[in-house]
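Undergrad: Got a structure for you, questions after.
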Amino acid sequence: MNSSKKHRQRLQHYFNAELGQFVALNQDILAELLTFIDFSEKFTLGFIEINFPPDGELLIEALKTNSQCEEIQFVILKFADPNLRFLRDEIVKKLPKIEKEANKKLVLIIQGLEKSIGVFGEYPPFLQDLNFVRDAYKKTVPYPILFILPDYAINRLAKFAPDFWAWRSGVFRFKTLENLIT
Numbered sequence: 184m185n186s187s188k189k190h191r192q193r194l195q196h197y198f199n200a201e202l203g204q205f206v207a208l209n210q211d212i213l214a215e216l217l218t219f220i221d222f223s224e225k226f227t228l229g230f231i232e233i234n235f236p237p238d239g240e241l242l243i244e245a246l247k248t249n250s251q252c253e254e255i256q257f258v259i260l261k262f263a264d265p266n267l268r269f270l271r272d273e274i275v276k277k278l279p280k281i282e283k284e285a286n287k288k289l290v291l292i293i294q295g296l297e298k299s300i301g302v303f304g305e306y307p308p309f310l311q312d313l314n315f316v317r318d319a320y321k322k323t324v325p326y327p328i329l330f331i332l333p334d335y336a337i338n339r340l341a342k343f344a345p346d347f348w349a350w351r352s353g354v355f356r357f358k359t360l361e362n363l364i365t
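Count the sequence shown with our numbering and you get residues 184 to 365, in order.
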């Protein structure tokens with residue numbers, strides 16, 4: 184067996200072990216999130232608080248491999264542009280390109296918006312628009328949306344886009360494994 188293959192196997196083993204630890208640590212909140220996903224219909228907002236970015240990938244893998252999600256199609260949309268202003272427009276552009284799987288509920292998972300939300304400053308343009316066009320989401324994005332964000336970004340969204348925030352149906356706060364914080 185070549186060293187590259189061994190290395191990949193070690194990484195996969197480490198990832199699987201880390202995934203198991205993450206799921207065990209967050210068992211209760213994961214169960215709440217799974218219930219939210221199961222019952223969400225059409226445009227429904229959920230916010231997932233994750234403060235350690237690799238945990239977002241662990242969570243997505245946990246969702247995709249969970250037996251309760253066999254009839255769910257998760258579509259991950261990443262928006263890393265710090266100058267993003269019009270999120271709804273960007274989502275609407277991507278929706279026609281998604282190949283919808285038959286007999287599966289589509290759930291959008293949005294990542295990377297913390298860069299557009301920022302850490303400090305008054306009323307970010309991104310959040311101004313998010314709050315302003317909130318009514319258009321119901322008509323143009325008829326799917327459940329899960330936003331994965333760190334705590335500070337969720338706090339800023341709640342403060343600067345209060346009308347959009349008011350539509351949330353769930354907030355799910357995940358813990359970080361302590362051995363990864365070091």
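Beta carbons: idealized from backbone N, C-alpha and C, even for Gly. Bear in mind that the values here come from a model prediction, so they are computed numbers and not experimental data.
Using a Cβ-Cβ cutoff of less than 8 Å, which residues in the same chain neighbour Ala-319 once the five nearest sequence positions on both sides are dropped?
TA: Locating residue 319 in the sequence shown gives position 136, where the first residue counts as 1. Contacts found: Arg-271.
Undergrad: Can you have a look at Glu-224 and say buried or exposed, based on whether 16 or more other CB atoms are within 10 angstroms of its CB?
TA: The residue given as residue 224 occupies position 41 in the sequence shown. Exposed.
Undergrad: Please list, in chain order, all residues of the same chain as Leu-202 whose beta carbon is under 7 Å from its beta carbon, the five residues on each side excluded.
TA: Translated into positions along the sequence shown, residue 202 becomes position 19. So the qualifying residues of the chain are Leu-241, Glu-244, Ala-245.
Undergrad: Taking 8 Å as the cut-off, does the segment 231-241 touch the segment 338-352 (at least 3 CB pairs, one atom from each stretch)?
TA: With a cut-off of 8 Å, the segment 231-241 and the segment 338-352 do not count as touching, because too few Cβ pairs lie within range.
Undergrad: Do you know whose CA, among Ile-331, Gly-353, Phe-357, lies nearest Ile-259's CA?
TA: Within the sequence shown, the letter at position 76 stands for residue 259. Comparing Cα positions, the closest option is Ile-331.
Undergrad: Sorted by chain position, which residues of the same chain lie with C-beta nearer than 7 Å to Ala-263's C-beta, five sequence neighbours on each side aside?
TA: Against the sequence shown, residue 263 aligns to sequence position 80. The answer, listed in chain order, is Gly-295, Lys-298.
Undergrad: Look at the Cβ atom of Val-324, then the Cβ atom of Ile-274, and state whether they are nearer than 9 Å.
TA: The residue you call residue 324 lines up with position 141 of the sequence shown. The residue you call residue 274 lines up with position 91 of the sequence shown. Against a cut-off of 9 Å, the Cβ pair of Ile-274 and Val-324 comes out as a contact.
Undergrad: Taking the beta carbon of Tyr-326 as the centre, do at least 16 other beta carbons fall within 10 Å, making it buried, or is it exposed?
TA: Translated into the one-based positions of the sequence shown, residue 326 becomes position 143. By the 10 Å Cβ count, Tyr-326 comes out buried.
Undergrad: Which residues in the same chain have their Cβ closer than 6 Å to the Cβ of Lys-350, if we skip the five residues on either side of it in sequence?
TA: Position 167 of the sequence shown, counted from the start, is the residue given in the question as residue 350. What sits at residue 350 in the sequence shown is Trp, not Lys. For Trp-350, where only same-chain residues beyond five positions count, the Cβ hits under 6 Å are Leu-228.
Undergrad: Thinking C-alpha only, which one of Lys-276, Phe-219, Glu-232, Lys-277 is nearest Gln-251?
TA: Looking up residue 251 in the sequence shown gives position 68. Comparing Cα positions, the closest option is Phe-219.
Undergrad: Looking only at its chain, what residues have a beta carbon closer than 7 Å to the beta carbon of Asn-209, apart from the 5 residues adjacent to it on each side?
TA: By one-based count along the sequence shown, residue 209 stands at place 26. Closer than 7 Å at Cβ, skipping near neighbours: Phe-357, Lys-358.
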